[in-house]
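Okay, so here's the structure we're looking at.
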Amino acid sequence: VSEVTVKNAPKELTDVPGFNETVTVQQTCSAGDLDLLTYSTSYNGIVDTSCIPNTVVPDDASKCQTGKMSPILKGYKTGEVFNADLVTIKKLLQRFGAVHLNVEEEGEEQLLPITVLGWEIDDGAEYWIYTQTYYDGETELVWIDSDDYDFTGLDATVFFNGASVVRAVLSAIVATVVIPALLLFW
Numbered sequence: 169v170s171e172v173t174v175k176n177a178p179k180e181l182t183d184v185p186g187f188n189e190t191v192t193v194q195q196t197c198s199a200g201d202l203d204l205l206t207y208s209t210s211y212n213g214i215v216d217t218s219c220i221p222n223t224v225v226p227d228d229a230s231k232c233q234t235g236k237m238s239p240i241l242k243g244y245k246t247g248e249v250f251n252a253d254l255v256t257i258k259k260l261l262q263r264f265g266a267v268h269l270n271v272e273e274e275g276e277e278q279l280l281p282i283t284v285l286g287w288e289i290d291d292g293a294e295y296w297i298y299t300q301t302y303y304d305g306e307t308e309l310v311w312i313d314s315d316d317y318d319f320t321g322l323d324a325t326v327f328f329n330g331a332s333v334v335r336a337v338l339s340a341i342v343a344t345v346v347i348p349a350l351l352l353f354w
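Residues in the sequence shown are numbered consecutively from 169, following the working numbering.
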């Protein structure tokens, strides 16, 4: 990424856990304030590449090529889980969907971001399915045998909104009330 455009970022931020003061957000892309990008995207949402392509830097990032902006993930929240293992990652996948991890790659100096999409079992072996984005911008879909990587001590990030929380609550109700009631008829 050579350029990031932030539009309509909040002028002040008071919802940072652990802060007892208001943080003034500079309207720039300097490294320090770029860390606050998630707050802007949560407030405004993001649009897909049919609206604003990611193949070129647009002349005006506030105008959608297909007409009206229809942001997705507006109002989302992020949750972080530290020191996660395979069981924890599976639970996060089942509850929230894709899970973002930063993993160590042999021979690399920096952590590589991956997004775990799920897992499958084939001939008794468990495979994890994830996307990996390299520093040159290339992304690939990867299947890895869970025995070939140490999935312990990982820091995970999940994205969710009010709908996913309601979905999780409804799932818990179904699991604890409806399913046992249905079993009475079999």
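No residue lacks a Cβ here, since even glycine has one placed at the ideal position from N, Cα and C.
Taking 7 Å as the limit between beta carbons, can you name the residues of its chain near residue i, skipping five residues before and five after?
i	result
I282	L269, V271, Y298, T299, Q300
T320	D253
Take the Cβ of residue i as the centre, count every other Cβ of all protein chains shown within 10 Å, and call the residue buried at 16 or more, exposed below.
i	result
A293	exposed
V326	buried
V224	exposed
S198	Because S198 carries a pLDDT of 49, less than 50, the predicted location of this residue cannot be relied on, and the following value inherits that uncertainty. Answer is exposed; the Cβ neighbour count stays below 16.
W382	Residue 382 falls outside the range modelled here, since the chain spans only 169 to 354, and no answer is possible.
Of the choices the options, whose alpha-carbon is the least far from that of residue i?
i	options	result
D253	V224, D318, K236, T325	D318
V255	G286, T307, I214	G286
Y302	N251, T234, L280, D313	L280
V284	K259, D228, P221, I220	K259
Q233	I240, I312, C219, G243	C219
D323	N222, F250, V215	F250
T246	G213, D304, I289	G213
L261	L241, E288, S230, N222	E288
Kindly list the residues whose CB is nearer than 6 Å to the CB of residue i, restricted to its own chain and excluding five residues on each side of it in sequence; keep chain order.
i	result
E248	T325
Provide the residue(s) that pair with residue i in DSSP beta bridges, ordered along the chain.
i	result
A324	V249, L269
I297	G286, W311
I214	I240
C232	G235
Give me, in chain order, the residues of the same chain whose beta-carbon lies closer than 8 Å to that of residue i; leave out the 5 immediate sequence neighbours on both sides.
i	result
D216	I240
TODO: Output the residue ranges of the alpha helix (DSSP H) runs that lie fully inside the region 235 to 295 and measure 4 residues or longer, sorted by chain position.
DONE: 254 to 264
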